[in-house]
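A.B. asks: In this note's numbering, the protein residues as written are 65 to 319. Note that the Cβ used here is the ideal one computed from N, Cα and C, for glycine as well.
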């Protein structure tokens, strides 16, 4: 259990941990890592993006234990500490950065969702006794899908939960993409706060779908068939089209 060993080592005053950049290990990074290992002669299994058998589900579960969402909390003993070192803070206070002149004619602005987002739905509570909760999705017709069977909680632990409406998210994307185009300004999407969350690729994927709505409306079924997942970025979609379709068909789709 190397991760358990490192977790204990991090608690000692002698430990110096050099954290590699981008250790969050998103699925594209994981795929690239697996491909590199296999090219070096390590016969590790391919990552099953949509597992359909018990064996594939077992492989996916094993890979989940090395993703950043599993590794970072152990090495960090919680969230990362991003406080500024006292000498740096003192210097900044004595030598404050002067802002430049901001033109009132600038069309640059920040937009955010007004409803249906995590902020609007967030609820937090402190549990009195040790217990376990499960995460469910309840559809409009009452169908219940269990997303996570058991989440153990300690006595006095805080549990925080929120939901995101895909419809409201897509409406927001459509509105802002149209506004940016009409205003002739650059569109920049910011999702990540401190650490990448499992929801970020989904939110990003919806933006890719919305930005290229015409292409997904026309070729959506084909994209799904060849595994062109926008959650992994536009590059992953283009790569799937180029690698899994005949050259003439790929050219037609990319046009």
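So, at 7 Å on beta carbons, what are the nonlocal neighbours of residue 274 in its own chain, with the 5 sequence-adjacent residues on each side left out?
C.D. replies: As a first step, residue 274 is located in the chain shown; it is residue number 210 there, counting from the start. Same-chain partners within the cutoff: 234, 237, 238 and 241.
A.B. asks: Are there three or more Cβ pairs, one per stretch, closer than 8 Å when the region 222-229 is compared with the region 188-202?
C.D. replies: They touch, by the three-pair rule.
A.B. asks: Answer with buried or exposed for residue 283, where buried requires no fewer than 16 other C-beta atoms within 10 angstroms of its C-beta.
C.D. replies: Against the chain shown, residue 283 aligns to sequence position 219. So residue 283 counts as buried.
A.B. asks: Name the residue from 196, 202, 230 and 208 whose alpha carbon lies nearest to the alpha carbon of residue 218.
C.D. replies: Walking along the chain shown from the start, residue 218 turns up at place 154. For residue 218, the nearest C-alpha among the options comes from 196.
A.B. asks: Taking the CB atoms as reference points, tell me whether residue 131 and residue 71 lie closer together than 8 Å.
C.D. replies: Sequence index remark: in the chain shown, residue 131 carries index 67 (1-based). Sequence index remark: in the chain shown, residue 71 carries index 7 (1-based). Contact: no.
A.B. asks: Across which residues does DSSP place residue 199 in a beta bridge pair?
C.D. replies: Residue 199 sits at position 135 when you count from the first residue of the chain shown. 212, per the DSSP bridge assignment.
A.B. asks: With a threshold of 8 Å, are at least 3 pairs of Cβ atoms found where one atom belongs to the region 306-317 and the other to the region 99-106?
C.D. replies: Touching, no.
A.B. asks: Have a look at 287, 270, 277 and 266 and flag the residue whose alpha-carbon is nearest the alpha-carbon of residue 91.
C.D. replies: Position 27 of the chain shown, counting from 1, holds the residue named residue 91. Residue 91 has its Cα closest to that of 266, out of 287, 270, 277 and 266.
A.B. asks: So residue 272 and residue 299 are supposed to be a Cβ contact under 8 Å. How far apart are they, rounded?
C.D. replies: For the purposes of this step, residue 272 is identified with residue 208 of the chain shown, where counting begins at 1. For the purposes of this step, residue 299 is identified with residue 235 of the chain shown, where counting begins at 1. About 10 Å separates the two Cβ atoms, so there is no contact after all.
A.B. asks: Nearest CA to the CA of residue 183: which residue from 311, 248, 253 and 232?
C.D. replies: Mapped onto the chain shown, residue 183 falls at position 119. Among 311, 248, 253 and 232, the Cα nearest to that of residue 183 is on 232.
A.B. asks: Can you look up residue 322 in the DSSP assignment and give me helix, strand or coil?
C.D. replies: For residue 322 there is no data in the structure shown, the boundaries of the chain being 65 and 319.
A.B. asks: From the DSSP output, read off the bridge partner residues of residue 222.
C.D. replies: Walking along the chain shown from the start, residue 222 turns up at place 158. DSSP output for residue 222 lists 190 as bridge partner(s).
A.B. asks: When you compare only the Cα positions, how much space is there between residue 163 and residue 294?
C.D. replies: Locating residue 163 in the chain shown gives position 99, where the first residue counts as 1. Locating residue 294 in the chain shown gives position 230, where the first residue counts as 1. Roughly 38 Å separates the two Cα atoms.
A.B. asks: For the putative contact between residue 74 and residue 82, defined by C-beta atoms under 8 Å, what is the C-beta separation to the nearest angstrom?
C.D. replies: The sequence position of residue 74 within the chain shown is 10, counting from 1. The sequence position of residue 82 within the chain shown is 18, counting from 1. Rounded, the Cβ-Cβ distance is 12 Å, inconsistent with contact.
A.B. asks: Label residue 127 either buried or exposed according to how many other C-beta atoms from any shown protein chain fall within 10 Å of its C-beta, with 16 as the threshold for buried.
C.D. replies: For this step, residue 127 is matched to residue 63 along the chain shown. Label assigned to residue 127: buried.
A.B. asks: Do you know how far the Cα of residue 281 is from the Cα of residue 212?
C.D. replies: For this step, residue 212 is matched to residue 148 along the chain shown. For this step, residue 281 is matched to residue 217 along the chain shown. Their Cα atoms are separated by approximately 32 Å.
A.B. asks: Identify, in the order they occur along the chain, each residue of the same chain with its Cβ nearer than 7 Å to the Cβ of residue 270, setting aside the five sequence neighbours on each side.
C.D. replies: Residue mapping note: residue 270 aligns to position 206 of the chain shown, counting from 1. Once the five neighbours on either side are set aside, the close Cβ partners of residue 270 are 230, 233, 234 and 237.
A.B. asks: Below 8 Å on the Cβ atoms is my guess for residue 264 versus residue 255; work out the distance and round it to an integer in Å.
C.D. replies: Here residue 264 refers to the residue found at position 200 when the chain shown is read from its first residue. Here residue 255 refers to the residue found at position 191 when the chain shown is read from its first residue. Rounded, the Cβ-Cβ distance is 5 Å, consistent with contact.
A.B. asks: Go ahead and pull the three-state DSSP assignment for residue 255.
C.D. replies: Walking along the chain shown from the start, residue 255 turns up at place 191. Note: residue 255 maps to coil in three-state DSSP.
A.B. asks: What's the gap between the Cα of residue 147 and the Cα of residue 129?
C.D. replies: As a first step, residue 147 is located in the chain shown; it is residue number 83 there, counting from the start. As a first step, residue 129 is located in the chain shown; it is residue number 65 there, counting from the start. If I take the Cα positions, the gap works out to 28 Å.
A.B. asks: What three-state label does DSSP hand residue 217 in the structure shown?
C.D. replies: Locating residue 217 in the chain shown gives position 153, where the first residue counts as 1. Note: residue 217 maps to strand in three-state DSSP.
A.B. asks: Note down, one range per segment and in chain order, each alpha helix (DSSP H) of at least 4 residues found wholly within the region 252-305.
C.D. replies: Correct list: 264-275 and 277-290.
A.B. asks: Distance check for residue 192 and residue 277, CA to CA, integer angstroms please.
C.D. replies: By 1-based counting over the chain shown, the position of residue 277 is 213. By 1-based counting over the chain shown, the position of residue 192 is 128. Whole-angstrom Cα-Cα distance: 47 Å.
A.B. asks: Residue 210 and residue 200: beta carbons closer than 8 Å?
C.D. replies: Start at 1 with the first residue of the chain shown, and residue 210 comes out as number 146. Start at 1 with the first residue of the chain shown, and residue 200 comes out as number 136. Cβ distance < 8 Å, so residue 210 and residue 200 count as in contact.
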